[in-house]
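**Student:** Provided herewith is a single structure, encoded as structure tokens, for subsequent inquiry.
Next comes the structure, spelled out in structure tokens:
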């Protein structure tokens, strides 16, 4: 009888631990989803991996970032940022095509707002979890080269955007999660595995 009682206690403890882990993961996923729903990422895709095309990608990046602070400075949330980005697509195409033409290449750029999947990305001051993000996508030529990304809303990746912070668009708890990623290494990895599994099943 004592052995049965002890086993029941052990099973109860194990079950409690499993529930605690799942609850902790669920709470962390909520914070990660808030991060995904609170930022607009800039995604520039090079024509190819040639040295010249990669150089053009970075030149396009520099020109776009010069205007990003002004473009999104009056946005209060992601919806505002997406609407604003949609209105700027023609201008962004012009900026990109001017750079390409100046470098003597014949292909063109195509800008759009859509969804892009990103693995966990570590920036200088914060980490964003893996998953689908709303993105301002600038495809150069065939778009078969390595890409470059950052966050344009809030403008945390734009050098001239003084004082821009993640908690301008997400809660303080979510922002601190991103800014203290070293405290959540295992959870960030778990989220990445979870998102990869979701991506696999979504294709079936």
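Numbering (the numbering used here), first residue to last: 1 to 204. Note that CB positions come from ideal geometry on N, CA and C, so glycine has one too.
If we count Cβ pairs, one from each stretch, closer than 8 Å, do we get three or more for the region 67 to 84 versus the region 102 to 112?
**Tutor:** Using a Cβ-Cβ distance cut-off of 8 Å, the region 67 to 84 and the region 102 to 112 are not in contact, since fewer than three pairs of beta carbons, one from each stretch, lie closer than that value.
**Student:** For the region 126 to 140 and the region 37 to 47, state whether three or more C-beta atom pairs, one from each stretch, are separated by less than 8 Å.
**Tutor:** yes
**Student:** Under a Cβ-count criterion, where at least 16 other Cβ atoms within 10 Å of its own Cβ denotes burial, should residue 57 be classed as buried or exposed?
**Tutor:** buried
**Student:** Nearest-angstrom Cα distance between residue 155 and residue 89?
**Tutor:** 18 Å
**Student:** At what residues does the beta strand (DSSP E) containing residue 113 begin and finish?
**Tutor:** 109 to 118
**Student:** Can you find the residues in the same chain that come closer than 6 Å, C-beta to C-beta, to residue 93, ignoring five residues on each side of it along the sequence?
**Tutor:** 109 and 111
**Student:** Residue 78: which of 134, 145, 144 and 64 sits nearest, CA to CA?
**Tutor:** Looking at the Cα atoms, 134 is the closest of the given residues.
**Student:** List in chain order: all unbroken beta strand (DSSP E) runs of 3+ residues lying wholly within the region 34 to 97.
**Tutor:** With a minimum length of 3 residues, the continuous beta strand (DSSP E) runs that stay inside the region 34 to 97 are 40 to 45.
**Student:** Output the distance between the C-alpha atoms of residue 103 and residue 64, rounded to the nearest integer angstrom.
**Tutor:** 16 Å
**Student:** Going by Cα to Cα distance, which pick from 131, 40 and 28 is closest to residue 85?
**Tutor:** 40
**Student:** Below 7 Å CB to CB, which residues in the same chain sit around residue 97 once its five sequence neighbours on both sides are set aside?
**Tutor:** 108 and 109
**Student:** Within 10 Å of its beta-carbon, does residue 130 have 16 or more other beta-carbons around it, so buried, or fewer, so exposed?
**Tutor:** Its Cβ being crowded by 16 or more others within 10 Å, residue 130 is buried.
**Student:** Do you know how far the Cα of residue 144 is from the Cα of residue 50?
**Tutor:** 10 Å
**Student:** Helix or strand or just coil, what does DSSP make of residue 126?
**Tutor:** coil
**Student:** How many whole angstroms separate the CB atoms of residue 42 and residue 149, which I take to be in contact at a CB cut-off of 8 Å?
**Tutor:** 6 Å
**Student:** I need the DSSP call for residue 134, collapsed to helix, strand or coil.
**Tutor:** strand
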